[in-house]
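Residue numbers (the working numbering), protein chains in the order written: chain V, -4 to 330; chain L, -4 to 330.
Virtual Cβ for every residue (Gly too), placed ideally from N, Cα, C.
Protein chains: 2
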Amino acid sequence: MKRVYDVDNISIISHASCVGREEYRGPLGELFDYHDTTDCFGKKTWEQAEGELSHMVFELAMKKGGYSPKSLSFLFGGDLQNQCVASSYAQAEDGIPYFGIYGACSTCTEGLVLSSLLLRGMEDDAVGGVVTTSHNCVAERQFRTPLEYGGQRPPTAQWTTTAGGAFLLAKKREVFPYISHVMPGRIVDSGVSDPFNMGACMAPAACDTILRFLKERDLSPLAFDAIVTGDLGREGSNLLYILLGEHGVDIRPVHQDCGVLMYDTSLSDCHAGGSGCGCSASILSCYFLPCLERREMHHILFLSTGALMSPMGVQQGGSIPGIAHAVELHSPKTT
Amino acid sequence: MKRVYDVDNISIISHASCVGREEYRGPLGELFDYHDTTDCFGKKTWEQAEGELSHMVFELAMKKGGYSPKSLSFLFGGDLQNQCVASSYAQAEDGIPYFGIYGACSTCTEGLVLSSLLLRGMEDDAVGGVVTTSHNCVAERQFRTPLEYGGQRPPTAQWTTTAGGAFLLAKKREVFPYISHVMPGRIVDSGVSDPFNMGACMAPAACDTILRFLKERDLSPLAFDAIVTGDLGREGSNLLYILLGEHGVDIRPVHQDCGVLMYDTSLSDCHAGGSGCGCSASILSCYFLPCLERREMHHILFLSTGALMSPMGVQQGGSIPGIAHAVELHSPKTT
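Quick look at the structure:
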């Protein structure tokens, strides 16, 4: 059965990125649309800060494209907070038909896949949106320990990014980068249960999606200017190379990982790299989409990867399943 | 702009329901496909029990319809556990392309809306699925207090159901009940912040969706055999009547609420009624779809309602926004 869908060119007609302090200090720092070096985004609690980040980055994507909430047919929103509440607080004013999604760090691509599939069946002038965020201080106290505890982290641990990305999509606007094909991921549980090694939880899911995508599309890795994974980090990326190698597939010449790209390791103590719903979302917006827009790249396979980690599940001896959704991106057809 | 979508007849080709003890003791008890009076579903923890409930009810829906995981193009899954982990654990084996969704108690209808919109653009033989669950013992300790604490509950409080519902959908199979139109809800925040009054959080969202749906479809409430809300309970239902009354709309002659239908108040101490992702899902499967199948009803407006409640958000003084998605259901076209 077909698992890759031809969505007949869904264009990304506007997008935006906002980040916090450590992300701004990273190698891509100057490329993000907005940064707040306090990580507070004008709010009193970290949770509220993430809600404001979500609101801000989506407003910015609408503003950059010249759209208002009324012009949107739907919005997919998601984050890492329990009950995905950063996104729902952020969208309580705009009145856009709203779908809450949860895919951990894969949420950005889950939203892009669903938006593409929905738009395919809608009128030609329909516009859909995706917004995803994460906040380091929220995630650390929710998933691991409060920052004040000062717990030591092993080298395989990743640093949840304080970041958000937002995207507006529409059918066949040929001056914009576009999505030609999408592949929803499936849940892959390899039995890894270490909450300080998200890369190992996600690598098998990334491998599963990449292998099935390349096979069904009959493409080799070198058909792409870049195969971009969401946030496997250094640990997960190396595991992915080993897993793909067992199937005779080598993506190393074209592979980039948003978790690796995010931080300057000489400045930030980020261990194996960045993670979180905002990681791949903000880097897709600030770096890869502009590369396509400027035609410095032409063809990208973009996969956000999610570790479906529940602290309660881990405390009860459960494993951490992974998932990876994929979209195939192209540079604009016309100028 | 159009907010109601004509999905051109998406049939519900199989469905199943599973519940726990209190739900089995309720007035619909004998109608559910399966019940476990221990609420444990063979597992050692409540969280794992909910995962097994999700797995079980979805397997049952596939079995009743004669489908296997390989025949499904996608599955939407969601629950109330942090990180929606009951659903992801439940789906770690089947390998179905998976989308995690979060809409609190509105999750069932969110999945039905998204499935209908996705299937509209797919091949004629595509089959999609939705599975949603909730578990009383998981929800109480996660959202409020552990059961052992024995906290008193005010009369406006609802009882999270231990229940799950699963649905398989496909295009135009005319011997099955079908969805003709769908309307995604939007987030409505009325400033209610009482975690023991979910009905008050959700009623404004239900009112918003019902008013907009009836207006855009140009239908009166009496065009339906039933307008079914997910789980407003007695408190929320009465608030909904007041809110709709302010717009001159009276749904009382045809209104039913799954939260009110679920329990026998003389047996179960459920206060204002049932709630949870599994409440409207299990009652849609055990009661309303069979009414359509037997042609005892012909036309139903079905809305699950969600209170997007985060304990952390409430502790920080935040409100509890609501959302309500809607599907318009019909009895089969042919026998």
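| Cut-off 7 Å between Cβ atoms - residues of its own chain near V/LEU113, not counting five sequence neighbours on either side | Sequence-distant partners of V/LEU113 (beyond 5 residues in either direction) whose C-beta falls short of 7 Å from its own C-beta, in its chain, are PHE69, GLY123.
| task | Assign L/ASP264 to buried or exposed, taking buried as 16 or more other Cβ atoms, counted over all protein chains shown, within 10 Å of its Cβ. | result | So L/ASP264 counts as exposed.
| CA-to-CA distance, L/ALA56 to L/SER49, given in whole angstroms | When rounded, the distance between both Cα atoms is 11 Å.
| request: Give the straight-line distance between the Cα atoms of L/THR204 and V/TYR0, rounded to the nearest whole angstrom. | output: Cα-Cα distance, rounded: 31 Å.
| request: Please name the residue or residues paired with L/PHE71 in a DSSP beta bridge. | output: Answer by DSSP bridge pairing, in chain order: L/PHE94, L/VAL125.
| said: Quick test of the definition: if touching needs 3 or more C-beta pairs under 8 Å, does the segment 131 to 146 of chain V touch the segment 29 to 49 of chain V? | reply: A contact exists between the segment 131 to 146 of chain V and the segment 29 to 49 of chain V.
| Which parts of the segment 192 to 246 of chain V are runs of the alpha helix (DSSP H), unbroken and 4 residues or longer, counting only runs that do not cross its ends? | Qualifying alpha helix (DSSP H) stretches, in chain order: 193 to 212, 228 to 240.
| message | Strictly under 7 Å for the Cβ-Cβ distance: is V/PHE69 near chain L by that measure? | response | Yes, V/PHE69 lies at the interface with chain L (some Cβ there is under 7 Å from its Cβ).
| Between the Cα of L/TYR97 and the Cα atoms of L/ARG229, L/ILE91, L/MET257, L/GLY106, which residue gives the shortest distance? | Minimum Cα distance to L/TYR97 is reached at L/GLY106.
| L/SER277 and L/VAL14: beta carbons closer than 7 Å? | Yes. Within cutoff.
| request: Provide the residue span of the alpha helix (DSSP H) that contains V/ALA152, from first to last. | output: Run containing V/ALA152: none; DSSP gives neither H nor E here.
| Under 7 Å between C-beta atoms of L/PRO172 and L/ILE7 | A contact, by the Cβ cut-off of 7 Å.
| message | Would V/TYR62 pass as an interface residue toward chain L - the criterion being a Cβ-Cβ separation below 7 Å? | response | Not closer than 7 Å to any Cβ of chain L, the Cβ of V/TYR62 fails to qualify, so no.
| query | Does the beta carbon of V/VAL249 sit closer than 7 Å to a beta carbon anywhere in chain L? | reply | V/VAL249 does not count as touching chain L.
| query | Do you know how far the Cα of V/GLY271 is from the Cα of V/SER314? | reply | Their backbone Cα atoms lie some 19 Å apart in a straight line.
| said: Can you find the residues in the same chain that come closer than 6 Å, C-beta to C-beta, to V/SER92, ignoring five residues on each side of it along the sequence? | reply: It should be pointed out that residue 92 of chain V corresponds to Pro in this sequence rather than to Ser. Cβ neighbours of V/PRO92 beyond the five flanking positions: PHE69.
| task | Drop a sphere of 10 angstroms on the beta-carbon of L/PRO316, count the other beta-carbons inside from all chains shown, and report buried for 16 or more, exposed for fewer. | result | Buried, by the Cβ-count rule.
| query | L/PRO179 versus chain V: which residues are under 8 Å apart at the beta carbon? | reply | Going along chain V in sequence order, the residues near L/PRO179 (Cβ under 8 Å) are PHE69, PRO92, TYR93, PHE94.
| request: With a cut-off of 8 Å on the beta carbons, I'd call L/PRO216 and L/VAL249 a contact; round off their distance for me. | output: Rounded, the Cβ-Cβ distance is 6 Å, consistent with contact.
| chain L contact for V/CYS79 (CB, 7 Å cutoff) | True, the Cβ-Cβ gap to chain L drops below 7 Å.
| How is L/ALA44 classed by DSSP in three states: helix, strand or coil? | The answer is helix: DSSP assigns L/ALA44 an H, G or I state.
| For L/ALA161, the three-state DSSP class (helix, strand or coil) | In the three-state scheme derived from DSSP, where H, G and I count as helix and E and B as strand, L/ALA161 is classed as strand.
| task | Rank L/ASP89, L/ALA81, L/ARG(-2) by C-alpha distance to the C-alpha of L/LYS65 and give the top, closest one. | result | When only C-alpha atoms are compared, the closest one is L/ASP89.
| Can you list, in chain order, the residues of its chain whose CB lies under 6 Å from that of L/THR155, leaving out five sequence neighbours each side? | Cβ-Cβ distances below 6 Å link L/THR155 to SER129, ASN131, ALA134, SER270, GLY271 in the same chain, with the five nearest sequence neighbours on each side left out; the list follows chain order.
| field | Rounded C-alpha distance that separates L/VAL127 from L/THR102 | value | Residue identity differs from the one stated: residue 127 of chain L is Thr in this sequence, not Val. Annotation: L/THR127 to L/THR102 spans about 7 Å, alpha carbon to alpha carbon.
| message | Assuming the contact rule is C-beta atoms closer than 8 Å, L/GLY231 and L/ALA198 should be a hit. Round their C-beta distance to whole Å, please. | response | The Cβ separation is near 5 Å, so the contact holds.
| Interface partners of V/ALA87 on chain L, CB under 7 Å | Chain L residues near V/ALA87: ILE182, ASP184, PRO316.
| said: Measuring straight from C-alpha to C-alpha, what distance separates V/ALA221 and V/GLU291? | reply: Cα to Cα, V/ALA221 sits roughly 11 Å from V/GLU291.
| In chain order, what residues of the same chain lie with their CB nearer than 8 Å to the CB of L/TYR282, ignoring the 5 residues before and after it? | For L/TYR282, the CB contacts under 8 Å within the same chain, skipping 5 residues up- and downstream, are LEU23, LEU26, LEU256 in chain order.
| request: Using 10 angstroms around the beta-carbon of L/LYS166, count the other beta-carbons present and answer buried if the total reaches 16, otherwise exposed. | output: Buried: at least 16 other Cβ atoms inside 10 Å.
| request: Measure from the alpha carbon of L/VAL52 to the alpha carbon of each residue in L/ALA85, L/ARG139, L/THR33, L/ASN77, then state which is nearest. | output: The shortest C-alpha separation from L/VAL52 is found at L/ALA85.
| Looking at the structure shown, is L/ILE278 part of a helix, part of a strand, or coil, going by DSSP? | L/ILE278 falls in the helix class under three-state DSSP.
| field | Contact with chain V by L/GLU17, beta-carbon distance below 7 Å | value | Judged by the 7 Å Cβ criterion, L/GLU17 is not in contact with chain V.
| request: May I have the straight-line CA-CA distance separating V/MET117 from V/ILE5, to the nearest angstrom? | output: One Cα belongs to V/MET117, the other to V/ILE5, and the distance between them is close to 11 Å.
| For L/THR224, which residues from the same chain have a beta carbon less than 6 Å from its beta carbon, with the 5 sequence-adjacent residues on both sides left out? | Excluding residues within five positions, the ones whose Cβ falls inside 6 Å are ALA201, ASP252, LEU298, THR300.
| said: On the DSSP letters alone, give me the boundaries of the alpha helix (DSSP H) that V/GLY367 sits inside. | reply: Since the first residue shown for chain V is -4 and the last is 330, residue 367 of chain V is missing from the structure and cannot be characterised.
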